[in-house]
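Contents: one structure, followed by commentary.
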Amino acid sequence: EPLRMYLGGMGGTGKSTVVRAIIAFLTARNEAHRFLVLAPTGTAACNVDGQTYHSAFGFHRSTTESMNATAPARLRSNLDGVDIVFFDEISMLSCAEVFRISGQMCKIFGSATSAFGGRSIIFSGDFAQLPPPGVGQFPLYSDVLDDKKHSNSLNKSKSAQGKALWDQFTTVVILRQNMRQRGATDGDVKFRTALEDMRYRSCT
C-alpha cells in the first residue's frame, strides 16, 4: 500500500531536516531518483532543494486546466522511477488543488484507479501558516465545504473529493521541539514565546 503521511510542526522543528535526511539515505543507496520534492511556490521549493508541483506535473501557468495531449509521456519520462513524493508547505494547498494534483498524477503515471498515481505521498507543513490563495478555496482542515458567495458547484465537488483524499493521510508525525531557537537565556525564551504567540494570533 502506498504511504499517506502528514509531517507537521511549527517552523524550526526540523521538517526540512527530515527531507534532507531521507534524500541522504536514498542517495547513499543510489536510489535518490525515487524521491521527488515539491512545493507550491518557487521560494518554498528552493528552501527544500525541490521544484514547484506546477513544473513537475505540467500545469499551465495561464490556466487551471492540465497539460496537452502529448505531455503525459514526456512528464512520465522525467519522473521515471519516482515512487515517493514529498509536498512541502501544504497549508497553501486547497482541497480542490489536492484533487487536481491527484488527477494529474494519475494521468502521468497511467494509474486511473489509484489516488496520486499509486505513489507514496508525504505532506508537510504548518497549518498555522499561509492558507490557500484565492477566493473560495477551502483549506485541507475545512469542516464545511460550502461558500455560497464565492464557490460554485464544480469547485465544491472538487473540494469534497480533495478533502476525501486528505482524509486518507492517517500516518501523522508532529515535530514539537523547536530546534532552530534553542538558547537558554531570558531573551531566547522570550523570543520563542513571541514566535508561538504570533503563530496562534495571541500576542501579548
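Letter by letter, the sequence shown follows residues 867 to 1070 of the numbering used here.
Note that CB positions come from ideal geometry on N, CA and C, so glycine has one too.
Put residue i into one of helix, strand or coil per three-state DSSP.
| i | result |
| --- | --- |
| glutamine 1003 | coil |
| phenylalanine 975 | helix |
| leucine 996 | coil |
| leucine 873 | strand |
| valine 1010 | coil |
| glutamine 917 | strand |
Using only alpha-carbon positions, find the residue among the options that is nearest to residue i.
| i | options | result |
| --- | --- | --- |
| glutamine 1034 | Ala981, Gln995, Asp992 and Ala894 | Ala981 |
| valine 951 | Leu996, Thr909, Ser943 and Ala905 | Ala905 |
| phenylalanine 993 | Gly874, Pro868 and Leu869 | Gly874 |
Measuring straight from C-alpha to C-alpha, what distance separates residue i and residue j?
| i | j | result |
| --- | --- | --- |
| asparagine 1021 | alanine 962 | 7 Å |
| serine 1068 | proline 998 | 22 Å |
| aspartate 1063 | glycine 947 | 43 Å |
| cysteine 972 | threonine 1059 | 44 Å |
| arginine 886 | aspartate 1012 | 38 Å |
| alanine 939 | tyrosine 872 | 29 Å |
Please go through the same chain and pick out, in chain order, the residues whose beta-carbon is closer than 6 Å to the beta-carbon of residue i, but skip the five residues on each side of it.
| i | result |
| --- | --- |
| isoleucine 956 | Phe989 and Gly991 |
| leucine 902 | Val948 and Val951 |
Starting from residue i and walking both ways along the beta strand (DSSP E), at which residues does that stretch end?
| i | result |
| --- | --- |
| serine 990 | 986-991 |
| isoleucine 1040 | 1037-1040 |
Quick check on the DSSP output: the alpha helix (DSSP H) that includes residue i runs from which residue to which?
| i | result |
| --- | --- |
| leucine 907 | Strictly speaking, residue 907 in this sequence is threonine, with leucine absent from that position. Taken as a continuous stretch (DSSP letters only), threonine 907 belongs to no alpha helix (DSSP H), as it is neither H nor E. |
| valine 948 | First-last for valine 948: undefined, no H or E at that position. |
Spatial neighbours of residue i within its chain, please: C-beta separation below 8 Å, excluding the five flanking residues on both sides.
| i | result |
| --- | --- |
| arginine 870 | Ser986, Ile987, Gln1034, Phe1035, Thr1036 and Thr1037 |
Excluding sequence positions up to five away, which residues of its chain have a Cβ less than 7 Å from the Cβ of residue i?
| i | result |
| --- | --- |
| arginine 942 | Ile974 and Phe975 |
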